[in-house]
Amino acid sequence: GANGKEGKSWKKFQSYKGEAGLPREVETLRIFVDRKAQTVILPIHGFAVPFHINTIKNVSKNDEGDFTYLRVNFQTPGQLAGKKEDTPFEDPDATFIRSVTYRSTDGHRFDTLNRQITDLKKEVNKREQQKKELAD
Amino acid sequence: MTTQFDRIYHGLSPESGKFRVAASGMAWKAEETENVNAMSSTDIKWARWLRVARGFQLRVGLKDRRREAFDGFERDDHDKLAGLLKQHFAVTLETEDISFRGWNWGVTDFRGDELAFVVGNKTSFELPLQYVANSNIAGRTEVSLEFMAPSDSAGKKPSKGQPDEMVEIRFFVPGQSTRARGSDA
Chain W
196 GANGKEGKSW KKFQSYKGEA GLPREVETLR IFVDRKAQTV ILPIHGFAVP FHINTIKNVS
256 KNDEGDFTYL RVNFQTPGQL AGKKEDTPFE DPDATFIRSV TYRSTDGHRF DTLNRQITDL
316 KKEVNKREQQ KKELAD
Chain H
-13 MTTQFDRIYH GLSPESGKFR VAASGMAWKA EETENVNAMS STDIKWARWL RVARGFQLRV
47 GLKDRRREAF DGFERDDHDK LAGLLKQHFA VTLETEDISF RGWNWGVTDF RGDELAFVVG
107 NKTSFELPLQ YVANSNIAGR TEVSLEFMAP SDSAGKKPSK GQPDEMVEIR FFVPGQSTRA
167 RGSDA
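In order, the protein sequences belong to chains W and H.
Taking my numbering, the leading residue of the first sequence gets 196, the next gets one more, and so forth.
Taking my numbering, the leading residue of the second sequence gets -13, the next gets one more, and so forth.
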């Protein structure tokens, strides 16, 4: 039914099996959206850190003076209760990354990234929704 | 005899250079500027190998607890480098496993001047705490770290093609409130 009695169980997902899976673009130390792997790769102090789209809640962009800020918000427990509060977590007691914010003088590129991440999220949600409907 | 590796970066530097290994020590020299970073053989204590954004990183621990990092090595450089380190400095090149799972949950681990985020026993990334400009605790379960952007201090107008600068990261730490509620201790 649309409103199951017990919580859903956590379904395993992962971005890459090993380092060789990382796309070459990470060398630029810039944010990269890998649609094939359903993953957004963030540069964090020299590391290329993949985040599967399932971990991402949404993304927001705003302009301040010469800079554009892009903020990636992640799924974490303890967020405002809503219909989605049944989102299962593998380990609800772990430490979660809740958000990461970047800035750039290249507003156009952040515009594109904002759109790419939002589109990928929509795409995955839609597919999830279709699966659910088929299961019902 | 000297062995040279090309297109190597010192830390997060944008400029690449040459990295040389000889019996007397190791040194990095920038291609265009006169920047040099040298480590003499008697100072080299340990060496680690890990995957980063710009290829592989050689991390070197020195006698005075200083650490140096060099990015840009290729996967195939590992064996050659491991051999040289063993031969010249009697140091074993240890591999540090990095997580590529794509998860946003794990544990934080303080390692000297770095705060590491560890996913399934593998390092996901490290944050150098000396670049933290401000930190904040909100509602006992959220910790935010603000970083000085490199271009702030450089004073020059950043150009296109520059790396993206992380300015803030927020962690959700549920344990701090649930422990207080959940345990009798």
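Where is the CB? At the ideal position from N, CA and C, for every residue including glycine.
Cα-Cα separation between residue i and residue j, rounded to whole angstroms
i, j, result
"residue 270(W)", "residue 49(H)", "43 Å"
"residue 312(W)", "residue 257(W)", "15 Å"
"residue 98(H)", "residue 317(W)", "41 Å"
"residue 44(H)", "residue 59(H)", "8 Å"
"residue -10(H)", "residue 147(H)", "28 Å"
"residue 82(H)", "residue 307(W)", "34 Å"
"residue 248(W)", "residue 292(W)", "14 Å"
"residue 124(H)", "residue 154(H)", "14 Å"
"residue 160(H)", "residue 117(H)", "25 Å"
"residue 319(W)", "residue 328(W)", "14 Å"
"residue 46(H)", "residue 100(H)", "15 Å"
"residue 80(H)", "residue -12(H)", "22 Å"
"residue 77(H)", "residue 261(W)", "48 Å"
Start and end residues, beta strand (DSSP E) containing residue i
i, result
"residue -7(H)", "-11 to -4"
"residue 226(W)", "Looking at the DSSP string, residue 226(W) is not in any beta strand (DSSP E), and its letter there is neither H nor E."
"residue 124(H)", "118 to 124"
"residue 268(W)", "262 to 269"
Where residue i sits in the DSSP three-state scheme
i, result
"residue 77(H)", "coil"
"residue 46(H)", "strand"
"residue 98(H)", "coil"
"residue 316(W)", "helix"
"residue 90(H)", "coil"
"residue 247(W)", "strand"
"residue 70(H)", "helix"
"residue 306(W)", "helix"
"residue 289(W)", "coil"
"residue 61(H)", "coil"
"residue 28(H)", "helix"
"residue 139(H)", "Note that residue 139(H) scores a pLDDT of 48, beneath 50, so its modelled location is shaky; the value from the coordinates is reported in the next line. Residue 139(H) falls in the helix class under three-state DSSP."
"residue 216(W)", "helix"
Nonlocal neighbours in the same chain, by C-beta distance under 6 Å from residue i, ignoring five residues either side
i, result
"residue 122(H)", "130"
"residue 11(H)", "25, 26 and 27"
"residue 157(H)", "129"
"residue 263(W)", "299, 302 and 305"
"residue 297(W)", "265"
"residue 120(H)", "132"
Sequence-distant residues of its chain with Cβ nearer than 7 Å to residue i (five each side left out)
i, result
"residue 227(W)", "218, 220, 221 and 236"
"residue -8(H)", "4"
"residue 229(W)", "218 and 236"
"residue 309(W)", "254, 256 and 265"
"residue 9(H)", "27 and 74"
"residue 250(W)", "269 and 270"
"residue 333(W)", "In the structure as shown, chain W starts at 196 and stops at 331, and residue 333(W) therefore has no counterpart that could be examined."
"residue 108(H)", "83, 84 and 85"
Exposed unless 16 or more other CB atoms sit within 10 angstroms - verdict on residue i
i, result
"residue 303(W)", "exposed"
"residue 96(H)", "exposed"
"residue 289(W)", "buried"
"residue 0(H)", "exposed"
"residue 215(W)", "exposed"
"residue 283(W)", "exposed"
"residue 139(H)", "Summary for residue 139(H): the model assigns pLDDT 48, below 50, so the residue's position carries little reliability, and this model does not support an answer."
"residue 213(W)", "exposed"
Neighbourhood of residue i by C-beta distance below 8 Å, restricted to the same chain and skipping five residues each side
i, result
"residue 63(H)", "-9 and 42"
"residue 141(H)", "Because residue 141(H) sits at a pLDDT of 47, beneath the cut-off of 50, its placement in the model cannot be relied upon, and the following sentence gives the value as read from the coordinates. Once the five neighbours on either side are set aside, residue 141(H) has no close Cβ partner at all."
"residue 91(H)", "105"
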